[in-house]
Amino acid sequence: MRSILPVCALTILTACSQHPTNITNVTDVSFDEKRFRQDIKTLSSDEFEGRAPTTKGEQLTLDYLSNAFAEMGLNKPNGKNYLQAVPMVTYTASDEQTIRLGDLPLKHRQDVVLGSRHDVENIDINSAPLVFVGYGINAPEYQWNDYQDLDMSGKIAVILVNDPGFALPNSGKFNGKAMTYYGRWSYKFEEASRQGALGAIIIHDTKPASYPWSVVENSWTGAQQDLVRSQQQQAQRVKVEGWITYNIAEQLFDNAGLSLATVSDRAAASPINLPLNQTASIEFANQAQYANSYNVVATLPGNSRPDEQILFTAHWDHIGIDSSKEGDQIYNGALDNASGTAGILEIARQLANQAKNGNPLARSVTFVATTGEEQGLLGSRYYATNPIYPLDKTVAVFNLDSTNIYGRTSDYTIIGKGKSELENYLIEALTSQNRTAKSEKYPESGGFFRSDHFSFAKEGVPAVFAGGGSEPIDDATAQYKAAMKLKMKGCYHNVCDEYREDWDLSGALEDLAVYYQAATALGNNSDWPGYFKGTEFNALRPANDTLEQASK
């Protein structure tokens, strides 16, 4: 699908219906599609073995990124290299598991996926009471507590995925169909731990989860990384955590004399907890291994205000290798997220060239290729709580995760649109491309909470995750997109997420230009964007009231 025309300037791209060109120009900056494509291809090659943290694939990735930043002449924040050590522990639950919920003997992977974030050699739970806790939410601001008057000691919580707003979008509960953080799996395990539960099991349901069971099976089995915790923190974590299929949950509730559909309706209408009058017995071997993984951090110093930082983030990691699979065993992670990592490299090259040509930004720009995103935003969480540059001097974060491979669009997606003034910079940059900004098509998937920008948002730093769109620029692109969607169907967190020569990356290059232009504008002014009123993070860094309506 490559165009035979050599160049198509971004300023006139709206009249250009061909697919990828070799160089895309924006003012005096060129994005080299051939180089961008090669970075994706290399990082997602079989040689890199799926880029799992603490593996050979990590070392190859660290070397590749470090060499690329060195060639650009970017600064090493610690003076020695581009690496920030992230202390990690890898937990591996045996595939040989004995699991019984009530009278149901369950098969690991097929029916249930369980693991433990405890440094113990064996998990052995006998006759632990099962308790249905609705959505497993304790949210005072919504007057909602599924754990009200409940002692969870020694018990296992059975929890619905997402939050009540998904089930009743017009009820005014939570944020309607747009998922809140209370709907995320990570929150549910955290809250069950705070409630003193012995374990937590989420009922998988494809629509509210926004992904099929295969994603659970591929992502939550095998080695699981986490940040190293103190003994006290680890002791407070649930002993076992994981997922069961919806069909198994239906059988479990039937055996309790309950209808899963009926109690789910009740759980959406109001807080609920019900004993299932059944117990769980769970046994499997467990292993914990400690090793550092690394964020790759490179800085382009600002000219007049170098202590003020703009960050670009993209996670370099993916799932690695599953040697238990037949056939292809490598999760190459080309789209997710070799493409985003290649994107920050290309933006870094252009900003570095601009500085070398005597036109540096006033503010510094730091590029953070994070580790462990697939395991729960580990690298970004670590940086946000152990920042190399103070967060009160960090102006904004631009995050790239899975760039656009479906061709140019007339619109542009801002995940969780309406949160911060930072979005105004993207909207302004879109004018040169004649594109319009929109929110994501499926806010119920909780996209704002699922990538590295969220780690910074929680600390009050304005952070955006944006790119792509849902409206192809012309009929030819629409036909290409439909065909490519079929080829990529089911490839999220699967072995078929591999680099393809026929990807149309012209839309991705346009998106890089939006981020580049936004960062350039912000990097040369004195503005400090903040979060709008009514958002979760407004109290941490509030927006200027006079600018609040710009991105609404």
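Quick note on our numbering: the sequence shown kicks off at 3 and runs consecutively.
Ideal placement from N, C-alpha and C gives every residue a C-beta, glycine not left out.
Remember, it's a predicted structure, so these values are computed and weren't measured experimentally.
Would you call Q226 buried or exposed, if buried means 16 or more other Cβ atoms sit within 10 Å of its Cβ?
-> buried
Helix, strand or coil at L347 according to DSSP, with G and I counted as helix | helix
Classify Y395 as helix, strand or coil using the three-state DSSP reduction.
-> Sequence inspection shows Lys at residue 395; the Tyr mentioned does not correspond to that position. Correct three-state label for K395: helix.
Tell me whether R543 sits in a helix, a strand or coil according to DSSP, three-state version.
-> In the structure shown, R543 sits in coil (DSSP, three-state: anything other than H, G, I, E or B).
In chain order, what residues of the same chain have a beta carbon less than 6 Å from the beta carbon of V217, not counting five sequence neighbours either side?
-> H495
Closest residue to L200 among P166, A237, S221 (Cα-Cα distance) = A237
If you draw a straight line from the C-alpha of A54 to the C-alpha of D319, how long is it?
-> 6 Å
Any idea if K487 is buried or exposed, counting beta-carbon neighbours within 10 angstroms, 16 or more meaning buried?
-> exposed
Which residues DSSP lists as bridging M90, in chain order = According to DSSP, which records beta bridges pairwise, M90 is partnered with L229, A293.
CA-CA distance, T548 and L108?
-> Caution is warranted here: a pLDDT of 45 is assigned to T548, below 50, making its placement in the model unreliable, and the coordinate value is therefore given only provisionally. Cα to Cα, the separation comes out at about 57 Å.
Note down the Cα distance separating L514 from I349, rounded to an integer number of angstroms.
-> 7 Å
Are the C-beta of G470 and some C-beta of chain C separated by less than 8 Å?
-> Included in the structure is just one protein chain, with no chain C present.
Tell me whether the beta-carbon of N288 lies closer than 8 Å to the beta-carbon of S47.
-> Against a cut-off of 8 Å, the Cβ pair of S47 and N288 comes out as no contact.
Return the bridge partner residues of I127 from the DSSP annotation.
-> I284
Could you pull out every residue in the same chain whose Cβ sits closer than 6 Å to the Cβ of A169, ignoring the five residues on either side in sequence?
-> A270
Kindly list the residues whose CB is nearer than 7 Å to the CB of I125, restricted to its own chain and excluding five residues on each side of it in sequence; keep chain order.
-> S118, K241, V242, I284, E285, F286, N288
Does the Cβ-Cβ distance between I475 and S412 come in under 8 Å?
-> yes
Whole beta strand (DSSP E) elements within the segment 453 to 495, 3-residue minimum = 465 to 467
Ignoring anything shorter than 3 residues or poking outside the segment 401 to 439, list the beta strand (DSSP E) runs there in chain order.
-> The beta strand (DSSP E) runs lying completely inside the segment 401 to 439 and spanning 3 residues or more are 413 to 416, given in chain order.
With 16 other CB atoms within 10 Å as the buried threshold, where does T368 fall?
-> buried
When L511, L162, R543 are compared against F458, the one with the closest alpha-carbon = R543
Beta strand (DSSP E) containing W245: first to last residue?
-> 242 to 246
In whole angstroms, what is the alpha-carbon distance linking A344 and Q235?
-> C-alpha separation (whole angstroms): 36 Å.
Give the straight-line distance between the Cα atoms of D394 and S382, rounded to the nearest whole angstrom.
-> 16 Å
Within 8 Å, strictly: CB atoms of A300 and Y66 = No, they are not a contact pair.
Give a yes or no on contact between the segment 84 to 97 and the segment 190 to 208, applying the rule of three or more CB pairs nearer than 8 Å.
-> Inter-segment contact for the segment 84 to 97 and the segment 190 to 208 is absent: fewer than three beta-carbon pairs are separated by less than 8 Å.
Can you tell me which of the three DSSP states T56 falls into?
-> In this structure, T56 counts as coil in the three-state DSSP scheme.
Exposure label - S173; buried when at least 16 CB within 10 Å = exposed
Can you have a look at P392 and say buried or exposed, based on whether 16 or more other CB atoms are within 10 angstroms of its CB?
-> exposed
In the structure shown, what three-state DSSP assignment does V163 receive?
-> coil
Use the C-beta contact count for G136: other C-beta atoms within 10 angstroms, 16 or more gives buried, fewer gives exposed.
-> Counting Cβ neighbours within 10 Å, G136 comes out buried, since at least 16 surround it.
S272: CB within 7 Å of a non-hydrogen atom of the ligand MG | In the structure on display, the ligand MG does not appear, and there are no ligands present to speak of.
Quick one: any contact between the segment 257 to 273 and the segment 295 to 309, if contact means 3 or more CB pairs under 8 Å?
-> no
Counting Cβ pairs closer than 8 Å, one from the segment 461 to 480 and one from the segment 404 to 420, do we hit at least three?
-> yes
Specify, as a first and last residue, the run of the alpha helix (DSSP H) that L524 falls within.
-> 508 to 525
Take Y213 as the anchor and find which of T537, A478, S447 has the nearest alpha-carbon.
-> That would be S447, whose Cα lies nearest to the Cα of Y213.
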